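In the working numbering, the protein residues as written are 3 to 854.
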């Protein structure tokens, strides 16, 4: 097996296709030493070398094909692999064992077809020409970008995985995005009816219109837009741009032309060792049909590539035995998971369902007839349950006494299946078939870095869906061996959030690009490090988040300085400090709400929220509110939200201190503070506790001698009473103490960590915190107070800042080239008020399934 072969004796191995699967096959041939046996020549029809199609949509933001490239640029040349890009193979001459291109003929001893698939475009009248765009390659994306430059509205035909990715791409290009799906639900292969309905609700809330059970009959010239799509039944939809993503078909033309056996539904027929009807020709990936099935995911293709490369290298041949089609996705920011028998098709299968219509979340657990084994699952809205459920399916782990507990909401989040409960055979990464045992073996061989582990095992370098589980297993096994665990924030920063905060403070770092250049890896960052660094910069320097260098770090709510609601509109929440408001300001809120047809609600935080504003209306609404003396209530930010108060000693006969005055002082001081998570305060004027201060992050209760301070409480999914921290404080001492507590929290908390969780994880607990804050055990108190004062001094209402800058106001347009409102938003009457509601929301069909 290890015998060296002279160059003249090497066989000629030709690989047709340089996609993800073809590239992985080359990597495996190199790794297994097969280049001693073969002279390898690879043909790629595209001009770009192999790139990551799983993350294709990132090309729109990065606009850099090289950022998606797989492997190092010189990998093939370094190992003597001949790569011929932009040269399509036109024919296979089986008799002469040659492949034919426009440039010549090339002989082979063994041939591998890795030609992938092509987008299916339904035979619709008028779909030819300029209307025909697909979403498959980088060239396709360039075509979509060019077409979008002169478009207002775009439609994607197909509501599957790639269709929704394409819709996200249109939305990112500033177009009004629509999805047209022939089936009665989105992602019909992966999701059941309730899951599809939940996904639809979430996607429409993000501003993408969904049209289900629509069969397009013809595409003709439009009246208000470039094209009109005529549907079966007489309905129609006009658009400027149409992207077809209605599924894929095996790219088996070469095999057909060569007379290879083709499956009834397409695809070159292969056996368990990826061999076609010609013993010298193999097929792997989406062009291959195994047992009548074509696999449209990358993991099965990688498995085929590994098995075939091993056989060609002379290793013991491992049969291909099918593939797990479980998928974990994030579509337009919405979590979607499908595991195993998601539809419950197994005879005798039973299901548990959790349906949360208020948040458009859905979870389904499918178990076998005995109730002892998990067969599958569907998740929409929260994939934190995915890794645990996948391991139950893949490893036959016995169910708990109450299986429903695996999908029901938990006070501490999704139930975790500890790494120690997984057998060594448990698959951690299905793309590269990496088991827990392989992870343990790498650690035992000296691997102590997560990035090194990924490089060594390839785990988490495919679709990335196993990243969290891999990190959990890796850290657990390191700790079990007495090794210190790397707490890197992400692959771009080998630091914790706390360490990044220290770097920002010490070095005076003012931007994400500066942080990445000095202390990071890569070029663009990710969804973990960008908002984390953005939050740190805001906490340290308090610069307007709409500044050009900071906008890309924000999530949707901060980007538009308003909370997006489920129907795609936004809420407007002016600050009402301590719940105190003048009659004149009440009148202004009423006038604004009436003028813009906004739904109004008095909240538990003693504010008046207005719901239903469209994006283009936000500047006008805020102009009127700010002119009346209001400021942003920062209801959209990880920051100070509200300071609730009772009426205190001024009015209440039980009050012993002026709780309203203290609430006003606290809210005025801390309204500028951005923090790892949202903060809520309350001030009660006596021990009767009408403001419910003991359920807040910062709670203040009046006594005859001053104020008692409570810290680190909160409501929500993990309710926790605040703890008494200090007693009988005077006004100024109370403020100094809160300054120290909050800034120590900002400095030491993890990303997105509430004060309650921070306190629970704080080594030394409450007594340690008292030593730091009250007794200055670390010598930090003066610095913490100074940091807080800087934040306070730099306060500027974010909306007032944006209204002064025409460039910032350009973001507040529903459509890039059109000032008109969103035609997809309609109004209905709700309890005497008009509430904007997405048209599709009017047609939600209630489920009759059991709701847990």
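Yeah, the Cβ is synthetic: ideal placement off N, Cα and C, and Gly gets one too. Predicted, not measured: the structure shown is a model, and the values here were computed from it.
Sub-8 Å separation of residue i and residue j beta-carbons
i           : j           : result
residue 343 : residue 378 : yes
residue 191 : residue 246 : no
residue 119 : residue 302 : no
residue 640 : residue 677 : yes
residue 727 : residue 772 : yes
residue 23  : residue 286 : yes
residue 183 : residue 216 : yes
residue 522 : residue 494 : yes
residue 30  : residue 311 : yes
residue 127 : residue 220 : yes
residue 72  : residue 57  : no
residue 612 : residue 605 : no
residue 383 : residue 204 : yes
residue 67  : residue 50  : yes
residue 472 : residue 431 : yes
Whole-Å CB distance - residue i paired with residue j, under 8 Å assumed
i           : j           : result
residue 811 : residue 554 : The Cβ separation is near 18 Å, so there is no contact.
residue 150 : residue 177 : 6 Å
residue 491 : residue 499 : 6 Å
residue 110 : residue 14  : 5 Å
residue 436 : residue 461 : 4 Å
residue 787 : residue 738 : 6 Å
residue 397 : residue 425 : 6 Å
Residue burial classification, residue i (beta-carbon count within 10 angstroms, cutoff 16)
i           : result
residue 623 : buried
residue 684 : buried
residue 679 : buried
residue 698 : buried
residue 753 : buried
residue 339 : buried
residue 777 : exposed
residue 780 : exposed
residue 588 : exposed
residue 411 : exposed
residue 309 : buried
residue 447 : exposed
residue 689 : exposed
residue 26  : buried
residue 266 : exposed
residue 394 : buried
residue 546 : buried
residue 179 : buried
residue 577 : buried
residue 710 : buried
Own chain residues within Cβ distance below 6 Å of residue i, not counting five before or after
i           : result
residue 506 : 538 and 542
residue 666 : 579 and 580
residue 353 : 346, 366 and 368
residue 292 : 272
residue 240 : 224, 226, 227 and 230
residue 642 : 672, 673, 675 and 681
residue 723 : 696 and 715
residue 864 : Past the edges of the chain, shown from 3 to 854, lies residue 864, and the structure says nothing about it.
Close Cβ partners of residue i (< 7 Å) along its chain, the five nearest in sequence each way excluded
i           : result
residue 481 : 487
residue 117 : 18, 19, 253, 256 and 289
residue 59  : 167, 170 and 171
residue 651 : 657, 658, 659, 660 and 687
residue 307 : 23, 26, 27, 30 and 286
residue 92  : 102, 103 and 104
Cutoff 8 Å: residue i Cβ touching any chain C Cβ
i           : result
residue 646 : Looking for chain C here will not work: only one protein chain is present.
Cβ neighbours of residue i in the same chain (closer than 8 Å, five flanking residues each side left out)
i           : result
residue 135 : 142, 145, 146, 149, 243, 244, 245 and 246
residue 123 : 129, 134, 136, 246 and 248
residue 847 : Because residue 847 carries a pLDDT of 29, less than 50, the predicted location of this residue cannot be relied on, and the following value inherits that uncertainty. Cβ neighbours of residue 847 beyond the five flanking positions: 199.
### Task
May I have a chain-ordered list of the beta strand (DSSP E) segments no shorter than 3 residues that lie completely inside the segment 716-753?
725-731
### Message
Report the start-end ranges of each beta strand (DSSP E) in the segment 65-107 that is 3 residues or longer and not cut off at the edges.
### Response
84-87, 91-95 and 100-103
### Query
Going along the chain, which unbroken runs of the beta strand (DSSP E) with 3 or more residues stay wholly within the segment 693-717?
700-705 and 708-713
#### Entry: alpha helix (DSSP H) segments (min. 4 residues) lying fully within the segment 384-467
388-397, 438-446 and 452-459
### Query
Whole beta strand (DSSP E) runs in the segment 173-216 with 3 or more residues, listed along the chain?
178-182 and 211-213
### Task
Any chance you could list the alpha helix (DSSP H) runs of at least 4 consecutive residues sitting entirely within the segment 298-338, in chain order?
300-314
### Query
Where are the beta strand (DSSP E) runs, 3 residues long or more, that stay fully inside the segment 597-661, in chain order?
601-604, 610-615 and 642-647
### Message
As an exercise, report each continuous beta strand (DSSP E) stretch of at least 3 residues that is fully enclosed by the segment 113-153, in chain order.
### Response
119-121
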